[in-house]
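>
There are 2 protein chains.
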Amino acid sequence: MVKLKDIAETTGYSITTVSRALAGYKDVSEATRRHIVDIALSMGYQPNAVARQLRSQKTDTIGIIIPAHDSRFSDDFFSELLMGIGYAAAHNGYDLLVSAQTSSDEMSAYQRIVGGNRVDGVILARTRRSDPRIAYLKEVGIPFVVSGRAAPDEPSDFPYIDADSQQGIYAATRHLIQLGHRNIGIVLPPLDIAFTPYRLMGYQRALLEANLPYEQANVTYGDLRRFGGQQAAHALLTQRPQLTAIVACNDAMALGVMQAVESLGLRVGADIAVTGFDDISVAEYATPPLTTVRQPIQEIGQRLVEMLVHIIHRQPLEHPQTLLSPTLIVRQSCGAKQS
Amino acid sequence: MVKLKDIAETTGYSITTVSRALAGYKDVSEATRRHIVDIALSMGYQPNAVARQLRSQKTDTIGIIIPAHDSRFSDDFFSELLMGIGYAAAHNGYDLLVSAQTSSDEMSAYQRIVGGNRVDGVILARTRRSDPRIAYLKEVGIPFVVSGRAAPDEPSDFPYIDADSQQGIYAATRHLIQLGHRNIGIVLPPLDIAFTPYRLMGYQRALLEANLPYEQANVTYGDLRRFGGQQAAHALLTQRPQLTAIVACNDAMALGVMQAVESLGLRVGADIAVTGFDDISVAEYATPPLTTVRQPIQEIGQRLVEMLVHIIHRQPLEHPQTLLSPTLIVRQSCGAKQS
DNA sequence: CTGTTAGCGCATTCAT
DNA sequence: ATGAATGCGCTAACAG
Chain A
25 MVKLKDIAET TGYSITTVSR ALAGYKDVSE ATRRHIVDIA LSMGYQPNAV
75 ARQLRSQKTD TIGIIIPAHD SRFSDDFFSE LLMGIGYAAA HNGYDLLVSA
125 QTSSDEMSAY QRIVGGNRVD GVILARTRRS DPRIAYLKEV GIPFVVSGRA
175 APDEPSDFPY IDADSQQGIY AATRHLIQLG HRNIGIVLPP LDIAFTPYRL
225 MGYQRALLEA NLPYEQANVT YGDLRRFGGQ QAAHALLTQR PQLTAIVACN
275 DAMALGVMQA VESLGLRVGA DIAVTGFDDI SVAEYATPPL TTVRQPIQEI
325 GQRLVEMLVH IIHRQPLEHP QTLLSPTLIV RQSCGAKQS
Chain B
25 MVKLKDIAET TGYSITTVSR ALAGYKDVSE ATRRHIVDIA LSMGYQPNAV
75 ARQLRSQKTD TIGIIIPAHD SRFSDDFFSE LLMGIGYAAA HNGYDLLVSA
125 QTSSDEMSAY QRIVGGNRVD GVILARTRRS DPRIAYLKEV GIPFVVSGRA
175 APDEPSDFPY IDADSQQGIY AATRHLIQLG HRNIGIVLPP LDIAFTPYRL
225 MGYQRALLEA NLPYEQANVT YGDLRRFGGQ QAAHALLTQR PQLTAIVACN
275 DAMALGVMQA VESLGLRVGA DIAVTGFDDI SVAEYATPPL TTVRQPIQEI
325 GQRLVEMLVH IIHRQPLEHP QTLLSPTLIV RQSCGAKQS
């Protein structure tokens with residue numbers, strides 16, 4: 025690799041002058057500047073980013089740590105978020121450093137990346153209850169933004185973007201109620217996920233508002249993946265035959281719910297209504313479900329990056345905390361069966 | 025951030041000794057080593073990765089550049105590959121640096137990342153005809169592996185993993201022929217993608233083998249996304265009403281094909297058979313298509329990382345070039361209509 | 001306008 | 001067993 029030193033030797037100027045010429049400083053004569061730039065170009069000079077980082081104490085890189093592959097979660101969300109963040113980072117002049125946590129120690133990846141000065145800021149996704157990662161980032165004082173709020177009983181004292189999942193599940197449930205359904209099941213995400221309580225609250229609120237009883241037996245939990253939704257719905261439908269509708273808490277689980285419905289010889293959209301909420305949209309599913317409801321998570325990634333860049337540059341945030349309103353999509357209305 | 029210097033001052037030893045104690049060198053007395061390690065731990069010492077990289081001339085990082093968002097491609101592939109690579113990298117002690125190319129200059133991202141010494145190796149995906157990126161990586165001499173071969177008329181003189189798409193499309197087409205179909209259309213990817221000719225060849229070979237004529241009019245091109253498949257199939261079915269089957273060249277386009285079929289009042293799996301090939305599986309589609317054929321791309325990412333790590337460590341590769349054999353999945357057999 | 005000097009944090013000689 | 005000195009490649013303060 026050709027270095028400043030090489031250009032200095034070729035041109036006869038000092039390393040300093042070369043550096044300043046390339047950086048476009050004013051105090052270099054136009055003639056020498058052009059000369060140096062020409063030589064640098066012809067030699068294929070590429071500045072050593074690592075040396076620059078060490079010197080300038082900034083990396084122009086943002087970091088994201090993806091959680092250990094625990095097979096509990098759909099990775100669709102993460103992979104799509106990654107892409108969105110990658111594009112947005114590039115667009116803002118940043119690279120993206122991705123680190124996966126080895127299952128051993130959860131915090132070690134954060135300490136290595138953040139403590140090792142590898143990034144200027146961090147994006148954290150999928151918050152959990154009393155999330156130690158957030159505590160660490162706060163303590164260290166590195167700029168960070170979060171995809172997802174804290175759980176309802178904890179302070180969300182950090183910049184975030186989150187879906188208004190309470191409102192989303194409320195809308196999904198209310199939609200079913202308005203169609204005449206009275207026995208509505210729900211497949212929730214695992215309890216340690218920060219957004220789960222919000223979703224349960226949305227479900228409960230819709231029932232309460234309609235004077236329908238909240239029954240624990242109508243609530244199950246799935247692992248956010250299709251199979252989890254299928255298992256949960258299968259159990260639910262088997263044990264609670266009176267159910268005429270099911271709310272799923274993300275797109276993948278909704279597909280699983282549909283599979284369970286069909287595997288029991290029932291028809292989605294006819295015998296059992298299925299609604300789902302994912303990110304920012306609420307949808308009623310039907311067969312064939314050629315389209316799923318997932319909204320572009322990439323946009324969320326983009327907004328997160330823009331927020332983070334603002335923080336890194338110490339520019340004020342207009343909206344440090346954003347709740348995305350759910351959108352209702354109804355493709356086919358499935359009223360309750362007459363019984 | 026606490027540095028070696030800080031630990032040196034606290035313990036009274038020199039920076040050198042602290043460094044060696046922490047690195048576990050033999051020539052430090054066990055007593056001082058323990059002492060230093062204790063202090064380092066209590067002070068929360070985290071080595072500065074950037075300084076290390078500069079000093080050691082290695083980054084323990086692998087890079088991947090994702091192409092500009094040109095809306096022509098499904099990003100599913102990339103995002104999933106990213107995840108797989110991220111996990112595998114972590115598992116092998118590497119971080120992953122993701123950089124998106126800004127649409128302006130295609131090569132600039134490569135020059136910045138590779139020439140800037142930011143990574144020890146690179147993973148390249150989705151090869152194109154006479155791909156300049158591969159030429160650059162070869163020229164610079166950095167370790168790299170590729171997802172995808174070169175086009176048939178170019179040398180694939182680099183380590184790669186690729187799906188045997190000729191075989192895959194051949195199997196898909198032959199399957200349809202065996203079911204009695206005689207008029208089979210195909211939706212190909214864009215022509216500048218390196219694997220497109222292989223897929224066309226597979227289609228042609230199956231026709232030839234069955235003494236069926238190859239007709240240009242039965243061939244269309246889609247942009248690898250669902251909408252592209254839909255547009256292509258719509259045109260195909262409108263202009264060639266005699267078609268009873270369509271082969272799609274990836275999963276997303278297959279879904280689009282199905283949408284087109286249904287939008288024309290036809291039934292998938294009854295009026296029109298749809299098969300698809302994606303990554304390593306061939307499948308016949310049916311309605312409702314609750315399951316798609318895509319195989320875990322993450323595994324491919326994992327194998328790519330392992331290959332790359334071998335190259336970086338100058339260990340020999342057992343299989344520098346891998347073609348993944350397609351797997352045939354038949355869910356429902358749809359013979360040709362009697363006409 | 002240009003060159004000399006210093007230092008980012010670390011690991012590795014080479015002395016002692 | 002330990003410390004002093006050196007340099008990775010670059011930028012910036014400070015001369016001249």
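Chains A and B, in that order, are what the protein sequence lines are. Each residue of the first sequence is one higher than the one before, counting from 25 in our numbering. Each residue of the second sequence is one higher than the one before, counting from 25 in our numbering. The beta carbon of each residue, even a glycine, is placed where N, CA and C say it ideally should be. All values reported here derive from a predicted model rather than from experimental measurement.
1. Output the distance between the C-alpha atoms of residue 125 of chain B and residue 112 of chain A, rounded to the nearest integer angstrom.
2. For residue 100 of chain A, does the three-state DSSP call read helix, strand or coil?
3. Please decide whether residue 131 of chain A counts as near chain B, where near means a Cβ-Cβ distance under 8 angstroms.
4. Pick out whichever of A:339, A:199 and A:143 has its Cα sitting closest to the Cα of residue 74 of chain B.
5. Is residue 62 of chain A helix, strand or coil by DSSP?
6. When you compare the CB of residue 159 of chain B with every CB in chain A, is at least one pair closer than 8 angstroms?
7. By the DSSP assignment, the alpha helix (DSSP H) with residue 129 of chain A in it spans what residues?
8. Would residue 247 of chain A pass as an interface residue toward chain B - the criterion being a Cβ-Cβ separation below 8 angstroms?
9. Taking the alpha-carbon of residue 178 of chain B as reference, which of B:164, B:159, B:249 and B:195 has the nearest alpha-carbon?
10. Taking the Cβ atom as the reference point for each residue, do residue 281 of chain B and residue 298 of chain B lie within a distance shorter than 8 angstroms?
11. Assuming the contact rule is C-beta atoms closer than 8 angstroms, residue 180 of chain B and residue 339 of chain B should be a hit. Round their C-beta distance to whole Å, please.
12. Do you know how far the Cα of residue 102 of chain B is from the Cα of residue 107 of chain A?
13. Answer yes or no: does any C-beta atom of chain B fall closer than 8 angstroms to that of residue 139 of chain A?
14. Quick one: grab the DSSP three-state call for residue 219 of chain A.
15. If we ignore side chains and look at the alpha-carbon of each, how far apart do residue 247 of chain B and residue 213 of chain A end up?
16. Going by DSSP, what residue range makes up the alpha helix (DSSP H) through residue 347 of chain A?
17. Does the separation of the CB atoms of residue 31 of chain B and residue 69 of chain B fall below 8 angstroms?
18. Quick check on residue 111 of chain A - is its C-beta less than 8 angstroms from some C-beta in chain B?
19. Please list the partners that residue 349 of chain A has in chain B, where partner means a Cβ-to-Cβ separation under 7 angstroms.
20. I'd like to know whether the C-beta of residue 71 of chain A is nearer than 8 angstroms to at least one C-beta of chain B.
21. Might you give, ordered along the chain, the residues of its own chain that have their beta carbon closer than 6 angstroms to the beta carbon of residue 271 of chain B, omitting 5 neighbours on each side?
22. Going by the beta-carbon positions, is the gap between residue 277 of chain B and residue 253 of chain B smaller than 8 angstroms?
23. Buried or exposed for residue 167 of chain B, going by 16 or more other Cβ atoms inside 10 Å?
24. Could you compute how far the alpha carbon of residue 58 of chain B sits from the alpha carbon of residue 33 of chain B?
25. Does the distance from the C-beta atom of residue 169 of chain B to that of residue 331 of chain B stay below 8 angstroms?
26. On the criterion of 16 or more Cβ atoms from any shown chain inside 10 Å, does residue 238 of chain A qualify as buried, or is it exposed?
27. Quick one: Cα of residue 96 of chain B to Cα of residue 279 of chain B, how far?
28. Can you give the Cα-Cα distance for residue 175 of chain A and residue 219 of chain A, rounded to whole angstroms?
29. Does at least one heavy atom of the ligand MN sit under 7 angstroms from the Cβ of residue 335 of chain B?
30. Is it buried or exposed, residue 189 of chain B, if we count other Cβ atoms within 10 angstroms and call 16 or more buried?
31. Taking only the alpha-carbon atoms, compute the straight-line gap between residue 257 of chain A and residue 275 of chain A and give it to the nearest angstrom.
32. So which residues on chain B does residue 119 of chain A lean against when the C-beta distance must stay under 8 angstroms?
33. May I have the straight-line CA-CA distance separating residue 223 of chain B from residue 132 of chain B, to the nearest angstrom?
34. I'd like the list of long-range same chain contacts for residue 29 of chain A, defined as Cβ closer than 7 angstroms, with 5 residues on each side in sequence excluded.
35. When the cut-off is 8 angstroms and only beta carbons count, does residue 266 of chain B lie next to chain A?
36. Distance, Cα to Cα, residue 37 of chain B vs residue 151 of chain A?
Taking the definition as stated:
1. On the second sequence, residue 125 of chain B is found 101 positions in, with the first residue counted as 1. On the first sequence, residue 112 of chain A is found 88 positions in, with the first residue counted as 1. In a straight line, the C-alpha of residue 125 of chain B is about 11 angstroms away from that of residue 112 of chain A.
2. Working through the first sequence from its first residue, we reach residue 100 of chain A at position 76. Here residue 100 of chain A sits in helix by DSSP.
3. Counted from its first residue, the first sequence places residue 131 of chain A at position 107. No, because no Cβ of chain B sits closer than 8 angstroms to the Cβ of residue 131 of chain A.
4. For the purposes of this step, residue 74 of chain B is taken as the residue at position 50 of the second sequence. Ranking A:339, A:199 and A:143 by Cα distance to residue 74 of chain B puts A:143 first.
5. Against the first sequence, residue 62 of chain A aligns to sequence position 38. Looking at residue 62 of chain A - three-state DSSP - the assignment turns out to be helix.
6. Locating residue 159 of chain B in the second sequence gives position 135, where the first residue counts as 1. With 8 angstroms as the cut-off, residue 159 of chain B does not count as an interface residue toward chain A.
7. Position 105 of the first sequence, counted from the first residue, corresponds to residue 129 of chain A. It is not in any alpha helix (DSSP H) - residue 129 of chain A carries neither H nor E in the DSSP assignment.
8. Walking along the first sequence from the start, residue 247 of chain A turns up at place 223. No, residue 247 of chain A lies away from the interface with chain B (no Cβ there is under 8 angstroms from its Cβ).
9. Sequence index remark: in the second sequence, residue 178 of chain B carries index 154 (1-based). Minimum Cα distance to residue 178 of chain B is reached at B:159.
10. Locating residue 281 of chain B in the second sequence gives position 257, where the first residue counts as 1. Locating residue 298 of chain B in the second sequence gives position 274, where the first residue counts as 1. Yes; because the gap between Cβ atoms is below 8 angstroms, this pair is in contact.
11. Looking up residue 180 of chain B in the second sequence gives position 156. Looking up residue 339 of chain B in the second sequence gives position 315. So it is not a contact: roughly 21 angstroms between Cβ atoms.
12. The count along the first sequence starts at 1 and reaches residue 107 of chain A at position 83. The count along the second sequence starts at 1 and reaches residue 102 of chain B at position 78. One C-alpha to the other measures close to 8 angstroms.
13. Here residue 139 of chain A is taken as the residue at index 115 of the first sequence, counted from 1. Cβ-Cβ to chain B under 8 angstroms: yes for residue 139 of chain A.
14. Counted from its first residue, the first sequence places residue 219 of chain A at position 195. Note: residue 219 of chain A maps to coil in three-state DSSP.
15. The residue given as residue 247 of chain B occupies position 223 in the second sequence. The residue given as residue 213 of chain A occupies position 189 in the first sequence. So the two alpha carbons sit approximately 35 angstroms from each other.
16. Mapped onto the first sequence, residue 347 of chain A falls at position 323. First-last for residue 347 of chain A: 345-348, but that is the beta strand (DSSP E), not the alpha helix (DSSP H).
17. Indexing the second sequence from 1 puts residue 31 of chain B at position 7. Indexing the second sequence from 1 puts residue 69 of chain B at position 45. Yes, they are a contact pair.
18. On the first sequence, position 87 is the one that residue 111 of chain A refers to. Closer than 8 angstroms: yes.
19. Taking the first sequence and counting its residues from 1, one reaches residue 349 of chain A at position 325. Within chain B, no residue comes near residue 349 of chain A; the closest Cβ sits about 25 angstroms away, beyond 7 angstroms.
20. Here residue 71 of chain A is taken as the residue at index 47 of the first sequence, counted from 1. Yes, residue 71 of chain A counts as interfacial toward chain B.
21. The count along the second sequence starts at 1 and reaches residue 271 of chain B at position 247. Only 196, 197, 210 and 299 meet the Cβ criterion.
22. Locating residue 277 of chain B in the second sequence gives position 253, where the first residue counts as 1. Locating residue 253 of chain B in the second sequence gives position 229, where the first residue counts as 1. Cβ atoms of residue 277 of chain B and residue 253 of chain B: closer than 8 angstroms.
23. Residue numbering aside, residue 167 of chain B sits at position 143 when the second sequence is read from its first letter. Answer is buried; the Cβ neighbour count reaches 16.
24. In the second sequence, counting from the first residue as 1, residue 58 of chain B sits at position 34. In the second sequence, counting from the first residue as 1, residue 33 of chain B sits at position 9. So the alpha carbons of these two residues sit roughly 16 angstroms apart.
25. As a working mapping, residue 169 of chain B is identified with position 145 in the second sequence. As a working mapping, residue 331 of chain B is identified with position 307 in the second sequence. Taking 8 angstroms as the Cβ cut-off, residue 169 of chain B and residue 331 of chain B qualify as a contacting pair.
26. To locate residue 238 of chain A, count along the first sequence from 1; it is residue 214. Result: exposed.
27. Along the second sequence, one-based indexing puts residue 96 of chain B at 72. Along the second sequence, one-based indexing puts residue 279 of chain B at 255. Note that residue 96 of chain B scores 49 on pLDDT, short of 50, meaning its location in the model is unreliable and no value can be drawn from it.
28. Numbered from 1 along the first sequence, position 151 holds the residue referred to as residue 175 of chain A. Numbered from 1 along the first sequence, position 195 holds the residue referred to as residue 219 of chain A. Each residue's Cα considered, the two are about 6 angstroms apart.
29. Absence of the ligand MN from the depicted structure is noted, as is the absence of any ligand whatsoever, leaving it without description.
30. Residue mapping note: residue 189 of chain B aligns to position 165 of the second sequence, counting from 1. Residue 189 of chain B should be labelled buried.
31. In the first sequence, residue 257 of chain A corresponds to position 233, counting from 1. In the first sequence, residue 275 of chain A corresponds to position 251, counting from 1. Cα to Cα, the separation comes out at about 14 angstroms.
32. Walking along the first sequence from the start, residue 119 of chain A turns up at place 95. Residues of chain B passing the Cβ test: 121, 122, 123, 137 and 142.
33. Walking along the second sequence from the start, residue 223 of chain B turns up at place 199. Walking along the second sequence from the start, residue 132 of chain B turns up at place 108. Taking the straight line joining both Cα atoms gives about 31 angstroms.
34. For this step, residue 29 of chain A is matched to residue 5 along the first sequence. Same-chain partners within the cutoff: 39.
35. Within the second sequence, residue 266 of chain B is the residue found at index 242, counting from 1. No, no contact with chain A.
36. Within the second sequence, the letter at position 13 stands for residue 37 of chain B. Within the first sequence, the letter at position 127 stands for residue 151 of chain A. Rounded to the nearest angstrom, the two C-alpha atoms are 42 angstroms apart.
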